[in-house]
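In the numbering used here, the protein residues as written are 18 to 95. Okay, structure first, notes after.
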């Protein structure tokens with residue numbers, strides 16, 4: 018695993034119908050990276066090899082992203 022890089026996916030639970038496809042493709046092509054889902058709810062769909070960071074819907078978009086990125090511990094994220 019590439020320890021200094023995290024793949025961050027910002028989403029919303031209302032788009033959870035496409036998460037499975039995204040998770041499988043990212044695992045297939047980006048399997049060496051630490052992976053994190055940012056969303057308002059987990060819905061039990063986050064794979065075991067992904068971390069989940071919850072944001073508040075009441076925050077602005079920039080506050081949501083900033084609060085999630087603050088919790089990333091790797092040197093780089095994309």
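We put the beta carbon where it would ideally sit given N, CA and C, even for glycine.
Suppose contacts are defined by Cβ-Cβ distances below 8 Å. Is residue i in contact with residue j by that definition?
i          : j          : result
residue 67 : residue 53 : yes
residue 58 : residue 30 : yes
residue 95 : residue 24 : yes
residue 64 : residue 39 : no
Check the DSSP bridge columns for residue i and list the partner residues they point to.
i          : result
residue 68 : 53
residue 24 : 52
residue 9  : Outside the shown range of the chain (18 to 95) lies residue 9, about which nothing can therefore be said.
Round the Cβ separation of residue i and residue j to the nearest angstrom and send it over; I've been treating them as touching at under 8 Å.
i          : j          : result
residue 79 : residue 21 : Not quite, the Cβ-Cβ distance comes to about 25 Å (not below 8 Å), so this is no contact.
residue 33 : residue 51 : Contact doesn't hold; Cβ gap of about 21 Å is too wide.
Pull up the distance between the alpha-carbon of residue i and that of residue j, whole angstroms please.
i          : j          : result
residue 36 : residue 27 : 11 Å
residue 87 : residue 56 : 15 Å
residue 42 : residue 49 : 13 Å
Can you give me the start and stop residues for the alpha helix (DSSP H) that residue i sits inside?
i          : result
residue 35 : No alpha helix (DSSP H) holds residue 35; DSSP gives it neither H nor E.
residue 86 : 78 to 86
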